[in-house]
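Position 14 of the sequence shown, counting from 1, maps to 45 under the working numbering, and the rest follow consecutively.
A virtual CB, placed ideally from N, CA and C, is assigned to each residue, including glycine.
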Amino acid sequence: MSDRIGPRMWPSRAEWAAAAEHYVGTLCEPLQRVPEGAAHYLTAAECTEMDEL
């Protein structure tokens, strides 16, 4: 598409990803953010089983 006329009207994938990362990291309420670590997603028994591996 070398004959494109005018500026691009939508963001590139990299621009879109950066904007999404900024939104999630700064504009969401703290309680809406995804917690890190397996302990937030696994039961105590599952965490114990993972530690034994």
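Exercise for the section: Tell me where the alpha helix (DSSP H) around A70 begins and ends. Expected result: Translated into positions along the sequence shown, residue 70 becomes position 39. Unbroken run through A70: none, as it is neither H nor E.
Practice task
Grab the span of the alpha helix (DSSP H) containing R44 for me, first residue to last.
Solution key: The residue labelled residue 44 in the question sits at position 13 within the sequence shown. First-last of the alpha helix (DSSP H) with R44: R44 to H53.
Practice task
Can you grab the Cα-Cα spacing for the pair V55 / E67, in whole Å?
Solution key: Taking the sequence shown and counting its residues from 1, the one referred to as residue 55 is at position 24. Taking the sequence shown and counting its residues from 1, the one referred to as residue 67 is at position 36. One Cα belongs to V55, the other to E67, and the distance between them is close to 14 Å.
Handout entry: Local conformation of T57 per DSSP, three classes
Key = Within the sequence shown, numbered from 1, the residue matching residue 57 stands at position 26. In the displayed model, T57 falls within a helix according to three-state DSSP.
Problem - Inter-residue spacing [alpha-carbon to alpha-carbon] between Y72 and T79 - result: Within the sequence shown, residue 72 is the residue found at index 41, counting from 1. Within the sequence shown, residue 79 is the residue found at index 48, counting from 1. Y72 and T79 have their C-alpha atoms spaced approximately 13 Å apart.
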